Amino acid sequence: MLPSLASAYEVLLVDDASPDDTWQAVEDLAHRYAWVRGIQLMRNYGQHNALLCGIRAAAYEIVVTMDDDLQHPPDQIHLLLDKLAEGYDVVYGAPEREQHGIWRDLASQITKIMLQSSMGVDNARHVSAFRAFRTKVRNAFVQYQNPYVSIDVLLTWGTTRFAAITVRHDTRQYGVSHYTVRKLIRHAINMITGFSTMPLRVASIVGFAMTLFGLLVLIYVVGRALFFGIVVPGFAFLASVIAIFAGAQLFALGVIGEYLARIYFRSMDRPAYTMRTTSDESNTDDTL
């Protein structure tokens with residue numbers, strides 16, 4: 034199939050520290066086929082970190098990313114390439130329908146809403162791990178070293194020419210997905226706090242709204258006292274107002290604390306991934 038798509042090609046298999054014998058299978062494929070290259074990471078860094086590793090290792094003009102469970106059918110790749118040839122830089126293969134449970138689908142939609150806010154492009158709601166893009170787009174994030182990685186957000190650093198088409202997604206035949214509802218929500222929080230200033234803006238708006246509300250209450254109380262001689266009594270009312278202000282302050286401090294934590298992690302210069310070995314090195318060792 035690959036020879037019908039391009040005159041020169043390669044298949045990069047990134048093993049994100051799988052607990053089984055995946056790396057042995059990758060090495061066997063690399064020995065059998067010259068166009069297969071394998072990369073094994075030191076430990077499990079996560080899907081997007083492993084993708085970033087593979088993207089940086091890609092040698093040709095177009096990169097196609099897909100999961101290894103064959104939910105993304107290889108026979109649909111030509112549809113992505115055809116759409117890419119229309120002048121786009123990134124094309125997503127959106128599924129015809131979601132094939133997960135109701136809670137997983139709901140969490141996935143929440144994640145995509147957060148992603149749309151971070152990406153700022155119309156097609157963000159149709160993102161998929163099945164994507165094709167021009168390799169030169171990676172030049173925009175070649176120096177990126179933050180351990181929090183979102184490939185889709187990073188692609189927006191290099192282009193705004195996105196497109197999405199509907200392609201067939203098959204049912205997973207083996208194993209189960211490790212993307213639980215909890216992990217998807219955590220991923221959404223990482224995206225919105227790691228690649229967007231929207232939480233800071235929300236905190237600022239909430240703080241401003243609470244301050245305005247407090248001023249209006251103060252004007253109301255003072256006005257009634259000056260013009261009508263009516264003093265508003267009640268400890269409960271005063272306590273509730275204080276609670277509102279305290280809540281707004283704590284909310285804003287929580288958001289600021291999240292950003293400070295990310296600054297702390299970034300100051301540690303923690304890498305997004307570390308390669309253990311490659312199939313090229315394995316082949317070299319075998320020939321010595």
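The sequence shown maps to residues 34 to 321 in our numbering. Ideal placement from N, C-alpha and C gives every residue a C-beta, glycine not left out. Fair warning: this is a prediction, and the values are worked out from it, not measured in the lab.
Burial state of residue i (16 or more Cβ within 10 Å)
i: residue 294; result: exposed
i: residue 70; result: buried
i: residue 185; result: buried
i: residue 111; result: exposed
i: residue 312; result: buried
i: residue 219; result: exposed
i: residue 225; result: buried
i: residue 40; result: exposed
i: residue 242; result: exposed
i: residue 107; result: exposed
i: residue 263; result: exposed
i: residue 80; result: buried
i: residue 126; result: buried
i: residue 57; result: exposed
i: residue 257; result: exposed
i: residue 197; result: buried
i: residue 121; result: buried
i: residue 72; result: buried
i: residue 221; result: buried
Residue i - DSSP class collapsed to helix/strand/coil
i: residue 127; result: strand
i: residue 103; result: coil
i: residue 96; result: strand
i: residue 205; result: coil
i: residue 327; result: Residue 327 lies beyond the range of the chain shown here (34 to 321); nothing can be said about it.
i: residue 196; result: strand
i: residue 230; result: coil
i: residue 330; result: Outside the modelled stretch of the chain, which goes from 34 to 321, sits residue 330, for which no answer is possible.
i: residue 180; result: coil
i: residue 185; result: helix
i: residue 54; result: coil
i: residue 274; result: helix
i: residue 291; result: helix
i: residue 280; result: helix
i: residue 237; result: helix
i: residue 43; result: coil
i: residue 300; result: helix
i: residue 59; result: helix
i: residue 258; result: helix
i: residue 175; result: coil
i: residue 160; result: coil
i: residue 253; result: helix
Neighbourhood of residue i by C-beta, 6 Å cutoff - its chain only, sequence neighbours within 5 removed
i: residue 321; result: Its pLDDT being 38, under 50, residue 321 is placed unreliably in this model, and the coordinates cannot settle the point.
i: residue 128; result: 202
i: residue 317; result: Because the pLDDT at residue 317 is just 47, under 50, the model does not fix this residue reliably, and the value given afterwards should be weighed accordingly. Nothing listed; no residue qualifies.
i: residue 77; result: 49 and 50
i: residue 223; result: 181
i: residue 62; result: 69
i: residue 123; result: 166, 188 and 195
Per DSSP, cross-strand counterpart(s) of residue i
i: residue 48; result: 73
i: residue 166; result: 96 and 123
i: residue 244; result: Beta-bridge pairing links residue 244 to no other residue.
i: residue 311; result: 72
Beta-carbon proximity list for residue i, same chain, < 7 Å, skipping 5 on both sides
i: residue 119; result: none
i: residue 299; result: 179
i: residue 84; result: 98 and 184
i: residue 100; result: 162
i: residue 89; result: 171
Same chain, Cβ closer than 8 Å to residue i, neighbours up to 5 away in sequence not counted
i: residue 235; result: 288
i: residue 279; result: none
i: residue 233; result: 288, 289 and 292
The ligand ADP heavy atom lying under 6 Å from the CB of residue i
i: residue 238; result: Among the ligands in the structure shown, none appear at all, so the ligand ADP cannot be discussed.
Any C-beta of chain D under 7 Å from that of residue i
i: residue 292; result: Although the question refers to chain D, the structure presented lacks it and comprises just one protein chain.
Any chance the stretch 84-93 sits against the stretch 57-67, with 3 or more Cβ pairs inside 8 Å? Too few Cβ pairs lie closer than 8 Å, so no.
Between the stretch 158-173 and the stretch 181-197, can you find at least three pairs of beta-carbon atoms closer than 8 Å? The stretch 181-197, when compared against the stretch 158-173, does touch it at the 8 Å Cβ threshold.
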